[in-house]
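Using this note's numbering, the letters of the sequence shown map in sequence onto residues 1223 to 1384.
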Amino acid sequence: MAGSSLERELKITGEFDTPEQESYLNILRTNSLLFVQFDRLFRKYGISSPQYNILRILRGGSPDGLPSLEIASRMIGTFPDITRLLDRLEGGSHIVRKRLAHDRRVVQVKLTTKGKDLLRELDEPIRKAEKNSLGHMTRKELSDINRLMVKARKNTVNSSSV
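So this is what it looks like as structure tokens:
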């Protein structure tokens, strides 16, 4: 697609090799631009995007907490060093960790009052940032994006062809 918006943004001369390439780069570009806004917001509160993701997972989990491996499996992105992220959250008193008595291999992670308070404080700024980023789109367009992103991930979840 000659002269696409993405080609202009990235100052690409010529066309993309394939429609898949253009779509892939569009997804990456959009992710990057959306991420910047949220990254700045999280930094104001002394946490990172992955740390916020962990806090949200814990808020939606059991009141008794979740095993660290369960948290890792629910993360939006892939982070091989979940322990380091948990260390920082624990250092900031946002979570507590303990080993289960019946299985010392399992580390249970629980949100603290300070962690819950931080999430409540972030709820409104997050809603505003989401609205600022995507509020210009109709419900139908947002639904289409969601449907297409799920479809795009279909062959990536267990793909080992790369």
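The beta carbon of each residue, even a glycine, is placed where N, CA and C say it ideally should be.
What is the DSSP secondary structure of residue i, reduced to helix, strand or coil?
| i | result |
| --- | --- |
| P1289 | strand |
| K1266 | helix |
| L1232 | coil |
| K1320 | strand |
| D1261 | helix |
| D1239 | coil |
| D1309 | helix |
Skipping 5 residues on each side, what residues in its chain have a beta carbon closer than 8 Å to that of residue i?
| i | result |
| --- | --- |
| E1312 | V1318 and R1319 |
| S1383 | Any reading at S1383 needs caution, since the residue's pLDDT is 42, under 50, leaving its predicted position unreliable; the model's value is listed next. For S1383, where only same-chain residues beyond five positions count, there are no Cβ hits under 8 Å. |
| A1351 | Q1259, F1260 and L1263 |
Between residue i and the rest of its own chain, which residues show a CB-CB distance below 6 Å, the 5 nearest in sequence each way excluded?
| i | result |
| --- | --- |
| M1223 | For M1223, the pLDDT reaches just 43, beneath the cut-off of 50, and the residue's location in the model is therefore unreliable, leaving the point undetermined. |
| L1256 | S1355 |
| E1238 | Residue identity check: residue 1238 is Phe in the sequence provided, not Glu. The residues are E1244. |
Could you give the C-beta distance for residue i and residue j, rounded to a whole number, given that I count them as a contact under 8 Å?
| i | j | result |
| --- | --- | --- |
| R1306 | I1279 | Not quite, the Cβ-Cβ distance comes to about 16 Å (not below 8 Å), so this is no contact. |
Would you list the residues sitting across from residue i in a DSSP beta bridge?
| i | result |
| --- | --- |
| Q1330 | P1289 and K1320 |
Can you list, in chain order, the residues of its chain with a C-beta nearer than 7 Å to that of residue i? Leave out the 5 residues immediately preceding and following it.
| i | result |
| --- | --- |
| R1349 | none |
Inset, instruction - Output the residue ranges of the alpha helix (DSSP H) runs that lie fully inside the region 1333-1370 and measure 4 residues or longer, sorted by chain position. - result: 1335-1356
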